[in-house]
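Numbering (my numbering), first residue to last: 7 to 225. From the three backbone atoms N, C-alpha and C, an ideal C-beta is built for every residue, glycine too. Treat the numbers as computed from the prediction; the structure is a model and nothing was measured. Written below as structure tokens is the structure these notes are about.
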Amino acid sequence: METAIDAASKNNIDLFLSTNHGNFNELPTVFLKYKKFFTGIIHQKEKKFNTKFLSAIKHVSNLNYDKIAVIGNDTPNLTKEDISKSLNLLCNGRAYIGPSKDGGFYLLSITKNDFEKIADKDFLNLPFQTGKIRSSLIKLLVKVNVFTFFLGEKHDVDSIKNISDLVHLKKIIIRLLEAMVVNRFRKIRCFCLNLIIIFTSLKKFKISFHKAPPIAPSF
């Protein structure tokens, strides 16, 4: 496992952590081990969920990355094969969605050109944090002639009652890095990894999950 992680750093893939925190030192120690694999932090200051999502993608797009993937941390059964499949299609310019059983989605991969076909106003008006978000996003993509492929439907974690620690987050990071190594995605220029974390004290933290696409919520 460690060999796969070390090898991932040699691949031409940039990772960004989308969070309300300004630097890695404010994150749980479990992430310090993976700090070297991230290109940087997308420091989100917006209060509303929809503006957070949009600003994170625009941040990466403005850095001239032409392919963007967004992965959430609330689907612990996401596999490296799932990630690999979506990235293969993304490298060929195809949009991809990983649907969750609650009507949301745990993965979105899309090219910069396709995302820019969507008007900001239309994107912000999507019914985020509801069970209609995925179907509404698909309709919007079809409207601008962007047709999507799909991963298998999965359960996501929507409550602190379903998880007690950061094990699932760590697994998703590792699977993501393994997928990079196995497939050597040298064509893809960017990967957005969005982790949802809320601190309650210096020694304790909790994880907050929302019925919505995977992007960092308010801390």
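Beta-carbon proximity check, residue i vs residue j, cutoff 8 angstroms
| i | j | result |
| --- | --- | --- |
| Ser67 | Ile74 | yes |
| Asp108 | Val152 | no |
| Tyr102 | Thr154 | yes |
| Ile47 | Ala62 | no |
| Lys123 | Val150 | yes |
Exposure label - residue i; buried when at least 16 CB within 10 Å
| i | result |
| --- | --- |
| Gln50 | buried |
| Asp88 | buried |
| Lys58 | buried |
| Lys91 | buried |
| Ser141 | exposed |
| Asn98 | exposed |
| Asn56 | buried |
| Gly158 | exposed |
Unbroken alpha helix (DSSP H) run spanning residue i, endpoints
| i | result |
| --- | --- |
| Thr45 | Taken as a continuous stretch (DSSP letters only), Thr45 belongs to no alpha helix (DSSP H), as it is neither H nor E. |
| Thr85 | That residue, Thr85, is in no alpha helix (DSSP H); it is neither H nor E in DSSP. |
| Thr57 | 55 to 67 |
| Ser141 | 139 to 149 |
Supposed contact pair residue j and residue i - C-beta distance, whole angstroms, cut 8 angstroms
| i | j | result |
| --- | --- | --- |
| Leu60 | Leu146 | Leu60 to Leu146, Cβ: 13 angstroms. No contact. |
| Phe44 | Phe22 | 7 angstroms |
Residue i, DSSP secondary structure in three states
| i | result |
| --- | --- |
| Leu21 | strand |
| His49 | strand |
| Ile166 | Only weak support is given to the placement of Ile166: the predicted model assigns it a pLDDT of 44, under 50, and the value that follows is read from those uncertain coordinates. Correct three-state label for Ile166: helix. |
| Ile74 | strand |
| Phe197 | For Phe197, the predicted model reports a pLDDT of 40, less than 50, meaning its position is unreliable; a value from the coordinates is still stated below. Residue state, collapsed to three classes: strand. |
| Leu93 | helix |
| Leu132 | coil |
| Leu157 | coil |
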